[in-house]
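*Asks:* Protein chains in written order, with the numbering used here: chain A, 1 to 204; chain B, 1001 to 1204. Dropping a structure here in C-alpha cells format, bear with me for questions.
As C-alpha cells, this is what we get:
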C-alpha cells in the first residue's frame, strides 16, 4: 500500500525544495487536502506564472514582471549609488529598512570556486559595465560575511581598481541587542578589526 | 518595493501550510524560480488533481482515487481484525512494517472538546456500524498517547461495551534504542504501568 499517485506526485514535488526531506514533504502534501478550491487554484496558477511571467530586470537583474523592475523604473532615486547584493531577497530586505535610496545590482550568486561558480557565472561583467557607463560614484558591497562574500567583494574591488568609483562594504560586527557572550569568535574578530573611533578629545 | 505579484501569491499560498511562517514561505516561493518546467507542470497538475481525483475510501475513509482504497479492495486480508487510526498517514506507517494483515478504519481526527471536536465530527458512527455489521472480532486502537487519543479510545470502548468485540490498544512505552534517562516522565509512567510479566517460575 502506498499513497494514491496524486499524493506521491505532490510529495515528489515538495522533496525538490532545498531543505525539505521525505517526512516534511509528506506532511506538506497531505496538508494540501485541507485547502479550499480557491487556494488550490491560486497556487496552481502562480506556479505556472512563475515560469511565464517572472523575469529578471534588464538593468539590475532583480525579479520583475516587466522589462525593468519597480526600482529601476523609479527615476527619483539617487543614480550615483549602487548597492550590490547577492539575490533579490536582499533587495527586499534593504527596501524594508527604507534608508537606501540608490539603485541595486543583483549578482545572482557569489564567487565560489569550490562549487564551480566563477566570476563569469554571476552578474559581474554587467556591474562593471554599468559602473563605467553610468559614471556611478559609489558602490556599496552588501554581501554576506562568508568566504564567498569576501572573495566576491575582493574580486570586484580589484577589477574596479583603476576607476574613480568609491567602493564601500557594509559593516560586519555584533548585531544590536545581542549578548557579546553569545557572539561567535569570527564576528567578534570582525567587530574588533572594524572598530570605530569615538574619542572626543583632539589628541586621538 | 515589493516582490512581483506572482511571488507574493506563492508566498501567500505557502503561508497557509501549518507550521510555515513568513520567512520560510518566502524561501520556498523563491526556490520555485529554479524549478524546471516539468516540475512546475507536475506540481501544478497534482495540486488540481488533489481536489478532483483524491477521495476517501467508502469503507475505511483512507485516501483513495477509487471508491475503495487499495487495502479494502484486497480480499485476501484478515477481515476479523480492524486497526483504528487517526489519519491516512498512520495507515502508511503500519503498512510499512508489514506485520498487520487486517483492515483499517481511519477516524480522521480525535475527540477533542477543547478544539470543539466531538464524537460525531469524526468517523466513529461508521466504525461502530462496521464492527456490528461485519462481526469484527478485534479492533486495535492505534491512536497517539495524548489526552485526545485516550479520550477517543475510552469513548469507543465505552460504546462497544455490550458487544463481543475484543478491544485492544497498542502498547505505549520506552521506544527501542532509547536511553531511559532521556525518556519523558509520562512515557516512563506508562511503561511502568504497562509492564509485562516475564517470570519463568510457576509461583509468579
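We put the beta carbon where it would ideally sit given N, CA and C, even for glycine.
Could you work out which residue in 1045/B, 1035/B and 1079/B is closest to residue 1138/B when comparing CA atoms only?
*Replies:* Taking the second chain and counting its residues from 1, the one referred to as residue 1138/B is at position 138. The option with the nearest alpha carbon to residue 1138/B is 1079/B.
*Asks:* Which term fits residue 134/A, buried or exposed, when burial requires 16 or more other beta carbons within 10 angstroms of its beta carbon?
*Replies:* One-based indexing of the first chain puts residue 134/A at position 134. The residue is exposed, with fewer than 16 neighbouring Cβ atoms inside 10 Å.
*Asks:* Which bits of chain A does residue 1026/B rub up against, with CB to CB less than 9 Å?
*Replies:* Start at 1 with the first residue of the second chain, and residue 1026/B comes out as number 26. Within chain A, the residues near residue 1026/B are 89 and 92.
*Asks:* Is residue 1009/B close to chain A? Criterion is C-beta to C-beta, closer than 8 Å.
*Replies:* The residue given as residue 1009/B occupies position 9 in the second chain. Judged by the 8 Å Cβ criterion, residue 1009/B is in contact with chain A.
*Asks:* Residues of chain B with CB closer than 7 Å to the CB of residue 35/A, please, in chain order.
*Replies:* Along the first chain, one-based indexing puts residue 35/A at 35. Those are 1016, listed as they occur along chain B.
*Asks:* Determine, using beta carbons only, whether residue 1086/B comes closer than 8 Å to chain A.
*Replies:* Translated into the one-based positions of the second chain, residue 1086/B becomes position 86. No, its Cβ sits nowhere closer than 8 Å to a Cβ of chain A.
*Asks:* Got a sec, what are the start and stop residues for the alpha helix (DSSP H) residue 1082/B sits in?
*Replies:* Walking along the second chain from the start, residue 1082/B turns up at place 82. Segment 1081-1085 is the beta strand (DSSP E) holding residue 1082/B; no alpha helix (DSSP H) there.
*Asks:* Counting pairs of beta carbons, one from the stretch 53-62 of chain A and one from the stretch 101-109 of chain A, are three or more of them closer than 8 Å?
*Replies:* Counting Cβ pairs under 8 Å, three or more are found: they touch.
*Asks:* Ends of the alpha helix (DSSP H) at residue 103/A?
*Replies:* Working through the first chain from its first residue, we reach residue 103/A at position 103. Unbroken run through residue 103/A is the beta strand (DSSP E), 103-106; no alpha helix (DSSP H).
*Asks:* Name, in chain order, the residues that DSSP records as bridge partners for residue 1010/B.
*Replies:* Within the second chain, residue 1010/B is the residue found at index 10, counting from 1. In DSSP, residue 1010/B forms no bridge with anything.
*Asks:* Starting from the N-terminal side, write out each stretch of the alpha helix (DSSP H) that is 4 residues or longer and does not extend beyond the stretch 149-202 of chain A.
*Replies:* Entirely contained in the stretch 149-202 of chain A, the alpha helix (DSSP H) runs reaching 4 residues are, in chain order, 185-193.
*Asks:* For the 8 Å Cβ check, are there 3 or more pairs between the stretch 1087-1100 of chain B and the stretch 1150-1157 of chain B?
*Replies:* No: the two stretches stay apart, fewer than three of their Cβ pairs being nearer than 8 Å.
*Asks:* Please report the distance separating the alpha-carbon of residue 1158/B from that of residue 1116/B.
*Replies:* Stepping through the second chain from its first residue, residue 1158/B is reached at position 158. Stepping through the second chain from its first residue, residue 1116/B is reached at position 116. Approximately 20 Å, taken between the alpha carbons.
*Asks:* If distances are taken between C-alpha atoms only, which option among 1006/B, 1022/B, 1179/B and 1083/B comes closest to residue 1166/B?
*Replies:* Along the second chain, read from residue 1 onward, the residue named residue 1166/B stands at position 166. Answer by Cα proximity: 1083/B.
*Asks:* Give the straight-line distance between the Cα atoms of residue 1179/B and residue 1196/B, rounded to the nearest whole angstrom.
*Replies:* Indexing the second chain from 1 puts residue 1179/B at position 179. Indexing the second chain from 1 puts residue 1196/B at position 196. Taking the straight line joining both Cα atoms gives about 19 Å.
*Asks:* Considering only the alpha carbon of each residue, which of 7/A, 156/A and 185/A lies closest to residue 130/A?
*Replies:* Taking the first chain and counting its residues from 1, one reaches residue 130/A at position 130. When only C-alpha atoms are compared, the closest one is 156/A.
*Asks:* Taking only beta carbons into account, state which residues of the stretch 1158-1192 of chain B come closer than 8 Å to chain A, listed in chain order.
*Replies:* Of all residues in the stretch 1158-1192 of chain B, none has a Cβ within less than 8 Å of some Cβ in chain A.
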